[in-house]
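Okay, so here's the structure we're looking at.
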Amino acid sequence: MHPFSILMLAVAMSTDAFAAAVGKGAAMRTPRFRDALRAGLIFGTIEAVTPIIGWALGLAAAAYVTAWDHWIAFTLLVLLGLRMIWAGVRPDGDPVAAEDAPLRHGFWVLAATGFATSIDAMAVGVGLAFLDVNILAVAATIGLTTLVMVTAGIMLGRVLGAMAGKRAEIGGGLLLIAIGAFILYEHLSGAA
8 MHPFSILMLA VAMSTDAFAA AVGKGAAMRT PRFRDALRAG LIFGTIEAVT PIIGWALGLA
68 AAAYVTAWDH WIAFTLLVLL GLRMIWAGVR PDGDPVAAED APLRHGFWVL AATGFATSID
128 AMAVGVGLAF LDVNILAVAA TIGLTTLVMV TAGIMLGRVL GAMAGKRAEI GGGLLLIAIG
188 AFILYEHLSG AA
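Residue numbers for the sequence shown follow the numbering used here, beginning at 8 and rising by one.
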């Protein structure tokens with residue numbers, strides 16, 4: 008997998024975490040950098056581990072589906088991209104009142120949110136098992152990108168609000184679909 012594709016995949020995988028972080032930052036009274044970095048570390052760690060788990064699961068099945076691997080990767084990325092686009096256009100509930108806004112989010116709330124936003128990274132890991140990739144490099148890139156994007160998302164949450172997070176999720180979904188199409192093109196044209 009080309010390094011640029013890995014970076015774009017990491018950005019795409021991080022956009023839903025960024026959207027969640029913007030929402031969490033918007034819901035906090037005054038986000039502090041220390042709290043934003045803590046959230047970034049939690050999300051980034053989870054986001055780095057889940058593609059490795061998915062990759063291991065996909066590797067176990069790789070021998071059975073080698074002829075269809077590029078179609079599987081393409082299908083997973085397109086479906087995940089469409090899910091992210093749907094999440095980006097779906098309307099949300101009422102915003103949190105300022106007096107009810109927390110000063111800081113608890114570890115388990117952040118971990119649960121981080122895991123929820125990393126399910127797509129696990130599915131991408133399954134798809135990557137069918138390709139010739141260094142999963143540790145991909146996972147580290149996803150984790151570091153998520154750390155940066157979540158930290159920035161928490162800090163920008165008050166300023167940007169939930170709408171920017173929705174747009175980021177739509178953009179991430181479109182990026183996943185484009186990566187899936189590129190993988191399919193590489194394999195069908197013999198460029199891989």
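Every residue, glycine too, gets a C-beta built ideally from N, C-alpha and C.
- Selection D127, E193, W75, V145 evaluated against G88 yields D127 as nearest (Cα-Cα).
- Taking the C-beta atoms as reference points, G65 is found no nearer than 8 Å to V145.
- With a cutoff of 8 Å on beta-carbon distance, L182 and M8 are scored as not near each other.
- In this structure, the alpha-carbon of F11 lies about 33 Å from that of F114.
- If you ignore the 5 residues before and after G47, its C-beta comes within less than 6 Å of the C-beta of L154, V157, T158, all in its own chain and listed in chain order.
- Non-local C-beta neighbours of T148 in its own chain, meaning closer than 6 Å and more than five positions away in sequence, comprise I13, A17, ordered along the chain.
- Take L195, set aside five residues on each side of it, and the residues of its chain with a beta-carbon closer than 8 Å to its own are H77, in chain order.
- Annotation: the segment 34-99 contains the following complete segments of the alpha helix (DSSP H) (minimum length 4 residues), in chain order: 40-72, 76-96.
- In the displayed model, H9 falls within coil according to three-state DSSP, outside both helix and strand.
- Non-local beta-carbon contacts of T52 in its own chain, meaning distances under 7 Å to residues more than five positions away in sequence, involve G150 in chain order.
- The closest CA to that of L163, considering only A63, V85, R39, S21, is found on R39.
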